[in-house]
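Visitor: Okay, here's the structure, questions in a sec.
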Amino acid sequence: MNNLFSYSIEANISLLILVSLFVLAFRQLSFFRWNRLLLIALVSFCALAPLLKFKTDYVKLIDSKTNSNQEIQSPEQLGYSNVPFLSEPEEQLNLWDRMEFKKILAYAYLLIAIFFLTRLVYHSLKLVCCLKKMNFQEHQGIKVIPPFNRFNNCSIFHYIVMDKSALESPEGKLIFAHEAQHILKGHAWDKLYIELMCCIFWINPAIYWVRKELHRLHEFQVDIAVAEYYGKTNYASFLLNMTQQNQQLDYMQSRILKNQNELVERIDRLMRNLSPRTKGYQYLLFVPCIFVLIVSFSFINPPKEKISTTSAVKNSAKTIVLDPGHGGKDSGATNSKGLKEKDLTLQACKMIQNELEKEGFQVVLTHSKDEFMMLKDRAAFTGDALISIHFDIDPSNAKQPIGLRYPKAAELPKIQNQSRELAFRLTQNLKNQGLSTQKPVESHNHAILRGAKIPALIVSLGNMNTFSNTLDPQFISAFTQALKTSLSE
């Protein structure tokens with residue numbers, strides 16, 4: 001539902017921005033056909049663009065096809081020390097996240113959209129069934145049916161609804177010519193499409209303005225076409241004379257004469273000179289605007305300030321995300337010497353970073369200084385693997401083996417399998433480096449594992465009471481060598 005919530009926000013913001021640009025730069029141009037197509041294209045873009053997601057720094061760590069035959073030792077084949085594993089607790093969620101307002105809003109938005117869509121489908125099917133039952137006669141190759149319900153003197157797809165007895169009168173000929181142009185230009189399909197978009201963007205006032213503007217452009221297009229036959233002056237005079245009659249015939253209740261304010265505007269646009277063709281270059285203004293929207297909503301990248309510069313070969317080095325556990329107001333555990341876990345994890349990550357970069361890896365720290373970050377924000381980083389570093393605390397001052405946890409992700413089974421394979425490979429390589437390890441444990445209780453979209457592990461490097469203010473470089477070097485080997489296999 002978070003994706004739906006994000007989609008609705010991005011789509012509606014895009015529509016507001018692009019419609020505003022249309023009003024400012026294009027509405028007064030007389031390229032009515034171009035403007036009509038442009039409005040439809042803009043609405044379509046806003047509906048589809050937020051669905052596009054491009055990850056620029058994600059490379060698969062493990063290809064299941066190429067690694068299916070690779071031997072990975074099972075838990076039963078490895079020896080472990082079973083020591084309780086202490087990892088970072090989840091931060092208390094704020095009211096917004098606890099109440100899940102975003103999910104409530106997303107469900108409400110979806111349900112209302114489904115209601116409007118259902119209503120549109122019902123009325124459309126009802127109208128189609130009604131049209132099939134109507135008797136029609138062909139006039140100049142177009143089917144004409146008598147008025148029914150609220151439909152009179154209008155066009156519905158390839159039908160014209162009007163009194164057949166009025167077809168030979170001057171007024172009836174005008175109405176027929178007018179509605180015939182709507183049919184020839186396919187305006188009914190525009191209206192059906194924009195009604196569908198109104199179901200999606202129902203909360204956005206811009207979509208209703210687009211619907212009204214599209215109707216306005218349809219009328220401008222038809223006026224020009226009909227005026228080519230009647231002549232601009234004669235056609236405009238004819239329309240004005242019809243609206244000034246005291247008593248109109250029933251069949252003159254056509255949309256072309258109902259709104260006098262709109263009619264005045266249409267006659268004014270009809271009598272104006274057309275916009276010069278050089279004005280068409282203004283449409284290029286949409287190119288940078290659309291590019292910015294695509295970049296803003298469709299590309300997923302790690303924050304720029306958190307990406308470390310490396311000497312890795314571009315497009316060939318794997319990107320490893322290192323997460324120093326805790327930070328800022330969350331100190332984590334504190335050992336008997338007053339050393340805080342957040343300081344030790346940050347020190348360890350920077351040492352591991354230096355070792356990995358020497359081997360050609362690209363390394364990203366979720367935070368490179370003592371600062372607090374929500375676990376869900378740490379899990380949002382992209383790369384080839386996410387390693388969250390922690391320490392345990394044991395008052396006995398006894399050394400503890402390295403512990404690993406990998407996600408139990410029912411929604412992303414492939415990530416779970418890749419994380420599990422990485423955990424057991426790393427465990428074996430740690431043993432090869434002479435380091436003691438625990439059995440890797442599956443976990444669904446840690447936000448950073450649940451939220452990760454790449455293979456992820458939580459690693460505990462041992463008992464804090466056995467470390468001084470500085471970590472043993474040989475220990476970190478051995479751990480990093482095992483990690484490098486595991487990531488390269």
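In terms of full-length UniProt numbering, the sequence shown opens at residue 1 and continues consecutively.
Heads up, the beta-carbon is just placed ideally off N, CA and C, and yes, glycines get one too.
Note that this is a predicted model, so its numbers are computed, not measured.
Find out if the Cβ-Cβ distance for the pair residue 180, residue 157 is shorter than 7 Å.
Guide: One-based indexing of the sequence shown puts residue 180 at position 180. One-based indexing of the sequence shown puts residue 157 at position 157. For residue 180 and residue 157, no; Cβs fall outside 7 Å.
Visitor: Tell me, which residues are paired with residue 425 by DSSP?
Guide: Position 425 of the sequence shown, counted from the first residue, corresponds to residue 425. The partner list for residue 425 (beta bridge, DSSP) is empty, contrary to what the question assumes.
Visitor: Using the beta-carbon count (16 or more within 10 Å), is residue 126 buried or exposed?
Guide: Along the sequence shown, one-based indexing puts residue 126 at 126. Flag for residue 126 reads exposed.
Visitor: Taking the alpha carbon of residue 196 as the point to measure from, which residue in 167, 114, 237, 428 has its own alpha carbon closest?
Guide: Here residue 196 corresponds to residue number 196 of the sequence shown, with the count starting at 1. When each option's Cα is compared against that of residue 196, the closest is 114.
Visitor: Just the Cα atoms here: how many angstroms apart are residue 395 and residue 463?
Guide: Start at 1 with the first residue of the sequence shown, and residue 395 comes out as number 395. Start at 1 with the first residue of the sequence shown, and residue 463 comes out as number 463. For residue 395 and residue 463, the distance between alpha carbons rounds to 9 Å.
Visitor: What is the DSSP secondary structure of residue 472, reduced to helix, strand or coil?
Guide: Counting from one through the sequence shown, the residue named residue 472 turns up at place 472. Three-state DSSP puts residue 472 in coil, outside helix and strand.
Visitor: So what's residue 340 in DSSP terms, helix, strand or just coil?
Guide: Sequence index remark: in the sequence shown, residue 340 carries index 340 (1-based). If DSSP states are grouped into helix, strand and coil, residue 340 belongs with the strands.
Visitor: Any idea which residues DSSP pairs residue 463 with across the strands?
Guide: If you number the sequence shown from 1, residue 463 lands on position 463. Beta-bridge pairing links residue 463 to 392.
Visitor: Going by Cα to Cα distance, which pick from 451, 432, 447, 474 is closest to residue 486?
Guide: Start at 1 with the first residue of the sequence shown, and residue 486 comes out as number 486. Nearest of 451, 432, 447, 474 to residue 486, Cα basis: 432.
Visitor: Between which two residues does the alpha helix (DSSP H) holding residue 127 run?
Guide: In the sequence shown, the residue the question calls residue 127 occupies position 127. Unbroken alpha helix (DSSP H) run through residue 127: 101-133.
Visitor: When burial is assigned at 16 or more other CB atoms within 10 Å of the CB, is residue 340 buried or exposed?
Guide: Indexing the sequence shown from 1 puts residue 340 at position 340. Residue 340 should be labelled buried.
Visitor: How many Å lie between residue 381 and residue 454 at the Cα?
Guide: Here the question's residue 381 lines up with position 381 in the sequence shown. Here the question's residue 454 lines up with position 454 in the sequence shown. Their Cα atoms are separated by approximately 9 Å.
Visitor: For the alpha helix (DSSP H) containing residue 378, name the first residue and the last one.
Guide: Translated into positions along the sequence shown, residue 378 becomes position 378. 375-379 is the extent of the alpha helix (DSSP H) around residue 378.
Visitor: Closer than 7 Å by C-beta to residue 105: which residues in its own chain qualify, once you throw out the five before and the five after it? Chain order, please.
Guide: Position 105 of the sequence shown, counted from the start, is the residue given in the question as residue 105. Contacts found: 5.
Visitor: With residue 24 and residue 42 assumed to form a contact (beta carbons below 8 Å), what rounded beta-carbon distance in angstroms separates them?
Guide: Translated into the one-based positions of the sequence shown, residue 24 becomes position 24. Translated into the one-based positions of the sequence shown, residue 42 becomes position 42. Actually they are not in contact, since the Cβ atoms of residue 24 and residue 42 sit about 13 Å apart, beyond 8 Å.
Visitor: Please report how far the alpha carbon of residue 489 lies from the alpha carbon of residue 425, in whole angstroms.
Guide: The residue you call residue 489 lines up with position 489 of the sequence shown. The residue you call residue 425 lines up with position 425 of the sequence shown. In a straight line, the C-alpha of residue 489 is about 9 Å away from that of residue 425.
Visitor: How do the region 219-233 and the region 127-143 stand: do at least 3 beta-carbon pairs fall below 8 Å, yes or no?
Guide: No contact exists between the region 219-233 and the region 127-143.
Visitor: Which residue wins for smallest C-alpha separation from residue 356, given the options 49, 320, 428?
Guide: If you number the sequence shown from 1, residue 356 lands on position 356. Minimum Cα distance to residue 356 is reached at 320.
Visitor: In the DSSP assignment, find the alpha helix (DSSP H) that holds residue 175 and state where it starts and stops.
Guide: As a first step, residue 175 must be located in the sequence shown, where it is residue number 175. Residue 175 -> alpha helix (DSSP H) spans 170-184.
Visitor: According to DSSP, is residue 143 part of a helix, a strand, or is it coil?
Guide: Here the question's residue 143 lines up with position 143 in the sequence shown. In the structure shown, residue 143 sits in a strand (DSSP, three-state: E or B).
Visitor: With distances taken Cα to Cα, identify the nearest neighbour of residue 239 among 44, 401, 178, 429.
Guide: For the purposes of this step, residue 239 is taken as the residue at position 239 of the sequence shown. For residue 239, the nearest C-alpha among the options comes from 178.
Visitor: Out of 447, 211, 182, state which residue places its alpha-carbon closest to the alpha-carbon of residue 194.
Guide: Walking along the sequence shown from the start, residue 194 turns up at place 194. Here the closest residue by C-alpha is 211.
Visitor: Short of 8 Å in beta carbon distance, which residues of its chain neighbour residue 190, apart from the five on each side in sequence? Order them along the chain.
Guide: The residue you call residue 190 lines up with position 190 of the sequence shown. If we look at residue 190 and ignore the five residues flanking it on each side, its Cβ neighbours are 36, 40, 214, 218.
Visitor: Starting from residue 405 and walking both ways along the beta strand (DSSP E), at which residues does that stretch end?
Guide: Taking the sequence shown and counting its residues from 1, the one referred to as residue 405 is at position 405. Where residue 405 is concerned, the enclosing beta strand (DSSP E) stretches over 403-407.
Visitor: With distances taken from CA atoms, which of 52, 367, 202, 199 is nearest residue 345?
Guide: Within the sequence shown, the letter at position 345 stands for residue 345. Considering only alpha carbons, the answer is 367.
Visitor: Grab the span of the alpha helix (DSSP H) containing residue 44 for me, first residue to last.
Guide: One-based indexing of the sequence shown puts residue 44 at position 44. 32-48 is the span of the alpha helix (DSSP H), which, as asked, contains residue 44.
Visitor: Counting along the chain, where does the alpha helix (DSSP H) carrying residue 224 start and finish?
Guide: Numbered from its first residue, the sequence shown carries residue 224 at position 224. Start and end: 205-230.
Visitor: For the alpha helix (DSSP H) that residue 196 lies in, which residues bound it at each end?
Guide: Within the sequence shown, numbered from 1, the residue matching residue 196 stands at position 196. 187-200 is the span of the alpha helix (DSSP H), which, as asked, contains residue 196.
Visitor: Which residue's Cα is closest to the Cα of residue 117: 200, 163, 31?
Guide: Stepping through the sequence shown from its first residue, residue 117 is reached at position 117. Ranking the options by Cα distance to residue 117, first place goes to 200.
Visitor: For residue 354, which of 192, 477, 161 has the nearest alpha-carbon?
Guide: Walking along the sequence shown from the start, residue 354 turns up at place 354. Considering only alpha carbons, the answer is 477.
Visitor: Residue 484: buried (16+ other C-beta within 10 angstroms of its C-beta) or exposed?
Guide: Along the sequence shown, read from residue 1 onward, the residue named residue 484 stands at position 484. With 16 or more Cβ atoms within 10 Å of its Cβ, residue 484 is classed as buried.
Visitor: Assuming residue 322 is part of the beta strand (DSSP E), what are its boundary residues?
Guide: Sequence index remark: in the sequence shown, residue 322 carries index 322 (1-based). Its beta strand (DSSP E) spans residues 319-324.
Visitor: May I have the straight-line CA-CA distance separating residue 144 from residue 414, to the nearest angstrom?
Guide: One-based indexing of the sequence shown puts residue 144 at position 144. One-based indexing of the sequence shown puts residue 414 at position 414. The straight-line gap from Cα to Cα measures roughly 60 Å.
Visitor: Out of 337, 347, 278, 268, which one is the CA nearest neighbour of residue 326?
Guide: Along the sequence shown, one-based indexing puts residue 326 at 326. Ranking the options by Cα distance to residue 326, first place goes to 347.
Visitor: Based on Cα-Cα distance, which residue from 359, 407, 419 lies nearest to residue 509?
Guide: In this structure the chain extends from 1 to 489, so residue 509 is not present and cannot be described.
Visitor: Locate the beta strand (DSSP E) running through residue 365, then write down its first and last residues.
Guide: Here residue 365 refers to the residue found at position 365 when the sequence shown is read from its first residue. Per DSSP, residue 365 belongs to the beta strand (DSSP E) from 362-365.
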